[in-house]
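Residue numbers for the sequence shown, in mature numbering (1 follows the signal peptide of the UniProt record, and there is no 0): -20 to -1, 1 to 1016.
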Amino acid sequence: MKNRTVVLLVIIYSAISVLGEPVVVSQSFQGNGFNDADGWVVAGGLAHVTECSGTKMFGGFGKFGGKAVASKLFELPPHSSINLKVQFWKIDSWDNEEGYIFVDDQLVWSRKFRHNEGDGQKCGQGGDWKEMTLNLDLNIKHTGATAVVIFTSNLNEAADNESWAIRDFVLSVERCPEDCSACQVDDKAENCQFWQSFSSSWGALDHNQLGADGWEVAGGQKSATDCGGVALFGGFDKTGSKTVVSKILKVNPHYKLKIKVLWAKIDSWDNEAAQIKVDGKMVWERRFQWHEGYFGKICGCPVFEWKTIFARTEVDIDHTGDQAKIEFTSTLNEAPNNESFGLRDLYIFYASCSENCAECTGPKDSDCKKCANNWALVDGKCQALPNFILLEQSFLEDKFTGINGWILNKNKGGRLINECSGKSMVGGFDIMGIGASATKTFDIPPHKRLRLQSTLYKIDSWDGEFMIIKVDGTDVWKTSWNLQTGGANFCGQGIWFDGIVGVDQIFNHQAPRKFRHNEGDGQKCGQGGDWKEMTLNLDLNIKHTGATAVVIFTSNLNEAADNESWAIRDFVLSVERCPEGCSACQVDDKTENCQFWQSFSNSWGALDPNQLGADGWEVAGGQKTATNCGGVALFGGFDKTGSRAVVSKILKVNPHYKLKIKVLWAKIDSWDNEAAQIRVDGKMVWERRFQWHEGYFGKICGCPVFEWKTMFARTEVDIDHTGDQARVEFTTTLDEAPNNESFGLRDLYIFYASCSENCAECTGPKDSDCKKCANNWALVDGKCQALPNFILLEQSFLEDKFTGINGWILNKNKGGRLINECSGKSMVGGFDIMGIGASATKTFDIPPHKRLRLQSTLYKIDSWDGEFMIIKVDGTDVWKTSWNLQTGGANFCGQGIWFDGIVGVDQIFNHQAPKAEVVFTSTLNQDAADESWGFRDFKLWYEPKEACAVFYSECDYKGASFEFCSKSPNFQKDNIPPQIRSIKIPPQGRVTLYESTDYNGKKVTYTSDQACIQNFDFSLIQMSGHVEGGWIEVEQ
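Printed below as a string of structure tokens:
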């Protein structure tokens, strides 16, 4: 009973923490002492208190009849639902008419009544028109800051003929969890605390106190009205056709906005829309009709049929930025005394970014995209910049003469270095103009990010062109300059402004910014005149994990270098290394998140093309050679690998569940939406399409056509994969000669995510993810554990290639064939052999044993459509599964049309018979050319029966017999007589009998069968025994 009490308490406390605390907000018309309307507003009736058989009520006979509406506006704390309790009175001659209760625009209760329904004649006209009371208890989902409660009916006669009333009104709310300013019914505190209120308007209950609160009104009147006791901003004859209510709000860093408002639709709307816009974009719209609303007339023009409705609106939108322009408007097209709208209860909330984050996509540190001043994104969190490891720094001296391995392309006159204002620079005036680029490939240890720092010079007459920095083909920084950029002439022609601008930004991709000829710090070099020069001091953090980084400075200048040019200096490249022990990592990785990646194959990493070899990779349809592309060594490349070229290799892999392939892919020349592809075991795992114009504005390598660009695409792909080998292929859909369009490869690194220890096949890294264990290990309680007692009986078909089937008998094998191949491995049966009705059988002689362990690799080939593959032992299914068309996910044997699959089997099952018939079969119903199967890697193990002795009560193994193995703690408890006359002892075994149950005191030991114990000391009363030895274990 105590346990039940504890559970009940836990449930109660849990409910309170989730749902908040019920709170009574208002109650009216209680007892018999009330005499007024208590703030309720009545339209179409009289707001009077009456009596019925001594019971007071609000409304009633002669007061609330046809067209009567009673309404009241209630102010509420943050909540997720409300509870409304009330006693409703039906009086007199209702003829199947309905009473209604609304909360805002929700109809929360309705019921039809007839004149003869009720508890008898209590008041009203009398006669047989009865009165009836209903005690209502309503739970309603609701989150608004106020609630408009409305009672009405569709009665069509006077109140002295049919009427209604209410009493015992109680309104309660289910409060939000503590610290939540907005919530939903099922919210826990952590689900709603992120909403922070930052703007509220039009909350006053009295319309005389409800002001504009800074909101502007265009096309309407900036004033408040009353609608059935509900104060509105705008409203009847104030806000209608062409009215826009708007305000620009400042917002703290955020990623979402929540807008809650009560929208009043008034009068003759004819499918016109109420709308909310944020920053000019429509985020909410609802259409209304003239007849939508309450049956009584709340407010508006005199036409009774044109109704009013209070529509509680809540909308969540994705939003960033430091301000938001909110607009409320409509598509109304008539005067506001004909159709209008009003607003109240406006609450706007924002979902905040994490601490010190200035721009984000979510609440977590890792969702931050831009940090506040003096903070930077490090490991997915805004904090001080970490210490990066310096990889290279160049061009820091005022004067230098070499360019430290950088390759310049389209540099005018082949020149490398110029000066500006007394400082050397790579490139510069009259060197780096149209089509020019500077490239270098860096060899990098395992890392998460790069930090690239440099000073850029904009020189002369730029007119909106872009300066770009790329890493592995990706723009990591991009900006544009114009004639006036810089504001001074300090290098170049001396005509246009040159400039220096300090930039310190942390980002992955910089939004474009154009430069013009007049931007800059003044005239410093170049042509002179009013063309300014400008310098940018860059400090970029770049997500990057490749084994090398190809850094390219370029532009899209379209004039000669003596007219507009650029240069670099002060170059520093640093890396943030992976955590210790990680050979591959991402920016946010901790050590435990990346140590499971183990590198097992890498190729094409040399920086010099003369040292970059095939490394065992085969090339079909191309040349097995290396090339140079703008200083980047490539395997394949221009005029070597193009249309129909396939670069492939079969790799042996340790037990794993994922592969990661990282490679730098070079797209060269006139690709026209053709695809680069990576395939694993015949299945496409990555594809990217390129266009001829994609790439660097300068010409890096390839054919002479300048417009056909080159791009280095850093590629990383993770795939689910199992098996002991993987065939990896790089190819394309190119269809022209390699001197017209081609590709190259470098920096290939392949990693595997390892299975747990002693696991041979798995779906993840944990012990519980293992599906097949290594030899001498088995899945026990979800973990690979040693099986020291299992002895290998037979193993067959383990070699990649074999020719015999070792005594197996195949039945209905097509054409009598026995063996086929798939992906370079032999199997028993296989494609076009084992189809409908086929089976493979073998009978094994087995020493005394308790269990068997069967291991094998099964191949599903081609068009299985839900049929079963089965393994039977002695006619009993020990393993069974069904396969379909998609099982496997790749084509690697068979017709080449349908997916094929490989499944490892490792089953342990009870078995004691001296022989075991093992059968592989299926329920296939088509020919083996259409659907088939095969198997290989077969092993059968047995677990020897443990040593057991047999005791007899008489000599010569007669009388009562008792078998026991290992130990018997108490002969009396196990019903074994204390005096034994003959014993059967297991081979190489030993039996010891004791006079006590704890194996102490007097004892006697036997090592061979005892046919008759004649000289036994019968004064020794045996109380326990121990059997040792038994079957000899075979060492593997």
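Idealized CB from N, CA, C, for every residue including glycine. What you are looking at is a predicted structure, and each value in this text was computed from that prediction instead of being measured.
- Judged by their CB atoms, valine 153 and valine 3 are nearer to each other than the 8 Å cut-off.
- The Cβ-Cβ distance between tyrosine 937 and lysine 964 falls below 8 Å.
- Under the three-state reduction of DSSP, asparagine 590 is assigned to helix.
- Bounds of the beta strand (DSSP E) holding methionine 447 are 445 to 451.
- When the Cα atoms are used, threonine 823 and glutamate 923 turn out to be separated by approximately 17 Å.
- In the assembly as shown, methionine 849 is a buried residue. Its beta-carbon has 16 or more other beta-carbons within 10 Å.
- No residue range can be given for methionine 412, since it is assigned to no beta strand (DSSP E) and is classified by DSSP as neither H nor E.
- Judged by their CB atoms, phenylalanine 44 and serine 179 are not nearer to each other than the 8 Å cut-off.
- The straight-line gap separating the alpha-carbon atoms of leucine 56 and threonine 126 is approximately 5 Å.
- In terms of Cα proximity to proline 282, the closest of Asn313, Phe308 and Asn317 is Asn317.
- Contact between the region 415 to 430 and the region 379 to 393 is established, with three or more Cβ pairs separated by less than 8 Å.
- Judged by DSSP in its simplified three-state form, asparagine 800 adopts strand.
- Separation of histidine 673 and asparagine 538 (C-alpha to C-alpha, rounded to the nearest whole angstrom) is 15 Å.
- Boundaries of the beta strand (DSSP E) around phenylalanine 580: 577 to 583.
- Look at glutamine 189 here: in three-state DSSP terms it is helix.
- Note that the region 33 to 44 does not touch the region 195 to 211; fewer than 3 beta-carbon pairs, one per stretch, sit closer than 8 Å.
- Exclusion of the five residues before and after tryptophan 913 leaves Gly809, Met814, Leu838, Tyr839, Lys840, Ile841, Met849 and Ser902 as the residues of its chain whose Cβ lies within less than 7 Å of its Cβ.
- Distance from the CA atom of alanine 733 to the CA atom of lysine 751, rounded to whole angstroms, is 15 Å.
- Here threonine 713 has Glu654, Ala655 and Gln657 as same chain residues with Cβ atoms under 8 Å from its own Cβ, once five neighbours each way along the sequence are excluded.
- The beta-carbon separation of valine 660 and alanine 706, rounded to 6 Å, stays under the 8 Å limit for a contact.
- Between the region 540 to 551 and the region 686 to 700, the count of C-beta pairs closer than 8 Å stays below three; the two stretches do not touch.
- Within the region 6 to 40, the complete beta strand (DSSP E) segments of 3 residues or longer fall at 21 to 23, 29 to 32 and 35 to 39, listed in chain order.
- Under the three-state reduction of DSSP output, serine 248 falls in the coil class, being neither helix nor strand.
- Under the three-state reduction of DSSP output, serine 334 falls in the coil class, being neither helix nor strand.
- Contact check for glutamate 137 against lysine 70 fails: the beta carbons are separated by 8 Å or more.
- As DSSP reads the structure, proline 924 sits in a beta bridge with His829.
- The Cβ atoms of threonine 534 and tyrosine 676 lie closer than 8 Å to each other.
- In the structure shown, the three-state DSSP call for lysine 379 is coil.
- Under the DSSP definition of a beta bridge, cysteine 565 lacks any partner.
- Under the 8 Å Cβ criterion, the region 634 to 650 does not count as touching the region 846 to 861, having fewer than three qualifying pairs.
- Between the region 256 to 271 and the region 73 to 88, the count of Cβ pairs shorter than 8 Å is below three; the stretches do not touch.
- Annotation for glutamine 892: no residue places its beta carbon closer than 6 Å to its own, counting only its chain and skipping 5 residues before and after.
- For lysine 47, there is no enclosing beta strand (DSSP E), as DSSP marks it with neither H nor E.
- Restricting attention to beta strand (DSSP E) runs no shorter than 3 residues, the region 589 to 666 encloses them at 598 to 600, 606 to 609, 612 to 616, 626 to 632, 636 to 649 and 652 to 660, ordered along the chain.
- Where glycine 810 is concerned, there is no enclosing beta strand (DSSP E), because DSSP gives it neither an H nor an E.
- Under the three-pair Cβ rule at 8 Å, the region 594 to 602 does not count as touching the region 744 to 758.
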